[in-house]
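Working notes, structure below.
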Amino acid sequence: MSITIKTPKEFSFKECYRFLDRSDKECLHDVKDSKVYKLLTIQGQLLLIEIEHSKDILLINCLNKRVNKSEKTAIIEYVNEWWDLEVSLAPFYKFCKSDPMLKKLVKNHRGLRMIGFPDLFECLVWAIIGQQINLNFAYSIKQRFVEKYGTSLEHKGQKYYLFPDANAVSQLTVEALKELKFSRQKANYTINVANAILLDGLDKNKLVKLGYDEAKNELKKIKGIGDWTADYALMKCIRYPNAIPLGDVGLHNALKEQLKMSTKPTKAALIKFGTEWGTHNGYICFYLWRSLLKDN
DNA sequence: AGCCAGGTGTACA
DNA sequence: TGTACACATGGC
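All letters in the first sequence, in the order written, are residues 1 to 296 by this note's numbering.
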């Protein structure tokens, strides 16, 4: 059974692919020869998918199993959410027309979709790992973590991984995570998040229904989730369009570069941006992050 | 050698 | 409310 998704109006496979290819230590998907590979768990089964682009469609193959109709539907749903394919970018592009910096960002990366995290636990733990350390180090920690505690599937001599689930992580000790170079604090934060999901009913759908402010409060109750991590998850997983991690160093660096500033933006300037950009916060932030990668 | 990386909680005033 | 400090490691 062939699986296809008709691409939305504003879509660039090349831009999405470039973002997915930003680290060679990424272990939760693979990119090769203009194809994207990812292991999914659908209805309790491991499905390895391959995504390629042709004209106005995404062609998806499941490499390890013949899929039935409901699995096909679930795969399409997953990719739509992962790559944010069901949103129109027209309002965002219209908004950007009136500002030179935003106009240039859109010109350089038109069609880029916000590659997100369908899974809340993965999103939060990845954010925690990335707190205050450089991205390369963060990827190293994630790789050790996923390879040690994640479920995997081998296909043609290569291993593909799922992110460890909250159940498995709640059983881990701080010491076990420290061996992977988590700091003591981050090890605690990570286990806290697993417990919040298992014991306190932290749930993606609940956060979707709560509204931005309430959802942010809910997340910040967990020790280890501050403003930055909460907004990161609300932007990349829950997908509130106004969510933006204003304290993000990458955001600061990108703004400094784009606006040719001599110093990083002040806190007051950042708050002003967040207010002016409003519902376009998330996409503007994502495009600014994209601008930090080479071959713009 | 020392500072900075996709921050946060805690300890103090 | 506001500021100092530890935290893990690696790159420059």
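Cβ atoms here follow ideal geometry from the backbone N, Cα and C, with glycine treated the same way.
Here the alpha carbon of ALA90 sits roughly 14 Å from the alpha carbon of SER12.
In this structure, the straight-line span from the alpha carbon of VAL249 to that of GLU71 is close to 40 Å. Annotation for LYS159: SER152 place their beta carbon closer than 6 Å to its own, counting only its chain and skipping 5 residues before and after. Taking C-beta separations shorter than 8 Å and ignoring five residues to either side along the sequence, the partners of TYR283 in its chain run LEU89, PHE92, MET114 and PRO241, following chain order. In the DSSP assignment, VAL31 falls within the beta strand (DSSP E) that extends over 30-32. Here ASP119 is actually not in contact with PHE182; their C-beta atoms are around 19 Å apart, not less than 8 Å. Secondary structure of VAL87 (DSSP, three-state): coil.
Apart from sequence neighbours up to five positions away, the residues of its chain that approach ASN64 with a beta-carbon distance below 8 Å are LEU46, LEU47, LEU48, LEU153 and HIS155, ordered along the chain. Per DSSP, reduced to three states, the secondary structure at GLN45 is strand. In this structure, LEU112 and CYS16 form a Cβ contact; the two beta carbons are roughly 6 Å apart against a cut-off of 8 Å. By the neighbour-count definition (other C-beta atoms within 10 Å, threshold 16), GLU77 is an exposed residue.
Of the candidates ALA243, ASP30 and LEU58, the residue whose Cα lies closest to the Cα of ASP213 is ALA243. With a minimum length of 3 residues, the unbroken runs of beta strand (DSSP E) contained wholly in the region 129-179 fall at 152-155 and 158-161. Scanning its chain for C-beta atoms nearer than 6 Å, with the 5 sequence neighbours on each side dropped, one finds around SER23 the residues TYR139, in chain order. For LYS186, there is no enclosing beta strand (DSSP E); the residue is part of the alpha helix (DSSP H) that begins and ends at 184-199.
Selection ASP84, PHE145, TYR161 and TYR232 evaluated against LYS178 yields PHE145 as nearest (Cα-Cα). Residues ASN80 of the same chain have their beta carbon placed closer than 6 Å to that of GLU86, with the five preceding and five following residues left out of the count. For ASN61, the three-state secondary structure derived from DSSP is strand. Between ASP56 and LYS14, the C-beta gap is not smaller than 8 Å, which leaves the two residues out of contact. With respect to the C-alpha of LYS206, the residue from LEU234, ASN192 and CYS96 having the closest C-alpha is LEU234. Non-local beta-carbon contacts of GLN143 in its own chain, meaning distances under 7 Å to residues more than five positions away in sequence, involve LYS25 and CYS27 in chain order. Here ASN195 is not near VAL174, since their CB atoms are 8 Å or more apart. Secondary structure at SER23: coil, using DSSP grouped into helix, strand and coil.
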